[in-house]
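Residue numbers (this note's numbering): 57 to 200. Written out below as structure tokens is the structure these notes cover.
Here you go:
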């Protein structure tokens, strides 16, 4: 709805590239996300990346889970993220930090990176997400 708000960081997990923000003002029609079970995700499962790629508000791209348990070294860093969900749904700048959904619309991950052997910074086939049980740990959710 276009609501903008300041926010404070309430938790950080740099080892998972996750931060939890608490918005000062929520939209009038706030609907919380339903969390899914990332352990039920299999190679070939439907995957949907939601976000604002290139500033295009409220976009969704679809694909499948194309790998599990992936690792990714953050650009210009020694930091390596582990146990990521690999998807072929288009992930571009602006999707990062957005939800990865399953077929039932449940959040199974948080989009964190794209693998790109070029310097272009656009999707060429492999996106990565932190499983929601890992990301939820930063928010204080109990594991499974």
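In this text, a Cβ means the ideal position worked out from N, Cα and C, and glycines have one as well.
* Asked: What residue ranges within the stretch 101-145 form continuous alpha helix (DSSP H) runs of no fewer than 4 residues, ordered along the chain?
  -> Secondary structure remark: continuous alpha helix (DSSP H) runs of at least 4 residues inside the stretch 101-145: none found.
* Burial state of residue 132 (16 or more Cβ within 10 Å) -> By the neighbour-count criterion, in which a residue is buried when 16 or more other Cβ atoms sit within 10 angstroms of its Cβ, residue 132 is exposed.
* For residue 165, the residue or residues it bridges with in DSSP -> Bridge partners of residue 165 according to DSSP: 156 and 187.
* Top-ranked residue by Cα proximity to residue 102, from 123, 83, 112 and 111 -> Checking every option, the nearest Cα to that of residue 102 belongs to 123.
* residue 57 versus residue 85: straight-line alpha-carbon distance, rounded -> Looking at the two C-alpha atoms, the distance is approximately 8 Å.
* For residue 158 versus residue 109, is the C-beta spacing smaller than 7 Å? -> One thing to note: residue 158 has its Cβ no nearer than 7 Å to the Cβ of residue 109.
* Own chain, CB closer than 7 Å to residue 62, minus 5 neighbours either side, in chain order -> These residues qualify, in order along the chain: 80.
* **Where residue 72 falls, given that 16 or more other Cβ within 10 Å makes a residue buried** => Buried.
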